[in-house]
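Residue numbers (this note's numbering): 625 to 693. Written out below as structure tokens is the structure these notes cover.
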Amino acid sequence: MSQTRKSTKELIEDMLSEDAQRIWSASCGIISLGQNHERIMELVPYLTQMKSKTNNIELGGLIHPNSRF
């Protein structure tokens, strides 16, 4: 799987959008970053906000925090 072409800003905007399709797409993009520590660390300051915004959104699956980072 190749890394997403979306910028960190785009991933954050999608995760905070409250739109299930955009959140799902951004989640896949974040997963595609895999072990790219630099890109993942850019998202860390937004984790609380992302959790809050996605908490009550029906995504048809599960998104779990990964405690590796």
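Built from N, CA and C at the ideal position, the CB exists for glycine as well. The model shown is predicted, which means the values in this text are computed figures rather than measured ones.
- Item | Pair within 7 Å by beta-carbon distance, Gln683 and Ala644 | In the sequence shown, counting from the first residue as 1, residue 683 sits at position 59. In the sequence shown, counting from the first residue as 1, residue 644 sits at position 20. Note that residue 683 is Leu in the sequence shown here, rather than Gln. Going by C-beta atoms, Leu683 is nearer than 7 Å to Ala644.
- Environment of Leu671 [buried if 16+ CB atoms lie within 10 Å]: Here residue 671 corresponds to residue number 47 of the sequence shown, with the count starting at 1. Flag for Leu671 reads exposed.
- Range of the contiguous alpha helix (DSSP H) that encloses Ser651: Within the sequence shown, residue 651 is the residue found at index 27, counting from 1. Start and end: 644-656.
- Taking Ser676 as part of the alpha helix (DSSP H), name the residues at either end of that continuous run. In the sequence shown, the residue the question calls residue 676 occupies position 52. Where Ser676 is concerned, the enclosing alpha helix (DSSP H) stretches over 671-678.
- Item | Spatial neighbours of Arg646 in its chain, beta-carbon cut-off 6 Å, leaving aside the 5 residues before and after | Sequence index remark: in the sequence shown, residue 646 carries index 22 (1-based). Same-chain partners within the cutoff: Asp638.
- Query: For Gly653, does the count of other Cβ atoms within 10 angstroms reach 16, so buried, or fall short, so exposed?
  - Reply: The residue given as residue 653 occupies position 29 in the sequence shown. The residue is buried, with at least 16 neighbouring Cβ atoms inside 10 Å.
- Confirm, please, whether the CB-CB distance from Ser656 to Thr628 is below 7 Å. Within the sequence shown, numbered from 1, the residue matching residue 628 stands at position 4. Within the sequence shown, numbered from 1, the residue matching residue 656 stands at position 32. Cβ distance < 7 Å, so Thr628 and Ser656 count as in contact.
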